[in-house]
Amino acid sequence: MSTMDIDNMKIARDVQLSRSLFLSGIVILLYDHLLTIGSEIQYIWVTTHKRSSIWFLLIRYFSFAGNIVMALDTFGDFGLETCAKLRVTTGLIIVTQELIIGCTLFLRVYALYSLNRCIMYLLLCAGVVIVSVGAWSIVPVGLNPIVRTSAPGCYVPQSKAEDLRMAAAWTGELAGDILVIGLTLYRSYTQRRNGVSFAGSLWRIMIRDGVAYFGIICLVNMANILMFYFGDIYTSNSLSWLTSAISVAMISRLMLNLHVAATREMKWTRTWN
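Just so we're aligned: the sequence shown equals residues 2 to 274 in the numbering used here.
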């Protein structure tokens, strides 16, 4: 077997891996949507919490729209010029989606601290740093050729310099996630120390679900970062969309749980009044 045949087989395996991971992200989003569609209709579409409902719908359905573009990039049979445009578009979609998720995480913590200004300034500073690193990471460091394989799809090998830049951007995201978890746990500790009970309240859901979901987001983000360091030129970014999809699913679940709890508390209050 010639060296060219071996290289083609390796590229084919890498393409298959990237496609499998991409499809895993779509399956997670669709399955989670099917599980929660009833609650979404009841507590999001028919609700008095207009602004938070709009934000929830933005998170969930921007991701679905992004899936369409990502699927075209992964499976579409296009020319090189179209592939180049799709690569730019998919990169912007991932950055925008992560920015929306990051804003949601920070807003949850800001609300958890009762709109404390010090927390707001801390989160704003962290956000500026994370966004700055992310903007720096997507600045082109050179032109990479789009690889044409026997299977449809646009594939661009990434240089190690690009991998390190992207790893830095996702590390910034991870740092933000860790900050959110740390502030959430600290809030839980201080409230319990002061004798505040979380049982059956919105606070309890924000603490319990927040730590669990933020923890899952951190774990998948760490796996994504490691892939940038140890993956090859075709697979280094293969976990990015899966990471983003899991983050959307976790944030959507948290927001939906909060809407359910808020609606039930409002009904309970009206009943007793």
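Heads up, the beta-carbon is just placed ideally off N, CA and C, and yes, glycines get one too.
Per-residue DSSP class, three states only, for residue i
i      : result
Asn68  : helix
Tyr32  : helix
Asp78  : coil
Gly173 : helix
Thr178 : Going by the sequence as given, residue 178 is Asp instead of Thr. Here Asp178 sits in helix by DSSP.
Ile12  : helix
Ser19  : helix
Ile234 : coil
Ile139 : coil
Cys219 : helix
Asn195 : coil
Asn258 : helix
Gln98  : helix
Ser239 : coil
Leu116 : coil
Cys126 : helix
Cys84  : helix
Rounded separation between residue i and residue j - CA only
i      : j      : result
Trp56  : Arg109 : 12 Å
Tyr111 : Leu124 : 8 Å
Ile226 : Val261 : 34 Å
Ser189 : Gly80  : 54 Å
Gly92  : Thr191 : 40 Å
Met2   : Lys11  : Low local confidence applies: a pLDDT of 45 at Met2 is under 50, so the model's placement there is unreliable, with the coordinate-based value given in what follows. Near 13 Å, if we compare the C-alpha coordinates of Lys11 and Met2.
Ala263 : Gly77  : 43 Å
Ser25  : Asn195 : 44 Å
Ala176 : Gln17  : 31 Å
Thr37  : Arg20  : 26 Å
Glu99  : Ala13  : 29 Å
Ile102 : Ile94  : 12 Å
Ala246 : Cys119 : 31 Å
Tyr230 : Ile217 : 21 Å
Val28  : Ile182 : 27 Å
Val249 : Glu41  : 15 Å
Glu163 : Ser239 : 14 Å
query = Does the count of Cβ pairs from the region 220-235 and the region 69-80 closer than 8 Å reach three?
reply = No: fewer than three Cβ pairs fall under 8 Å.
task = Decide yes or no for the touch test of the region 129-138 against the region 169-178: beta carbon pairs closer than 8 Å, at least 3 of them.
result = Judged by Cβ distances under 8 Å, the region 129-138 makes contact with the region 169-178, as three or more pairs qualify.
query = If we count Cβ pairs, one from each stretch, closer than 8 Å, do we get three or more for the region 76-86 versus the region 33-44?
reply = Contact between the region 76-86 and the region 33-44 is not established, with fewer than three Cβ pairs separated by less than 8 Å.
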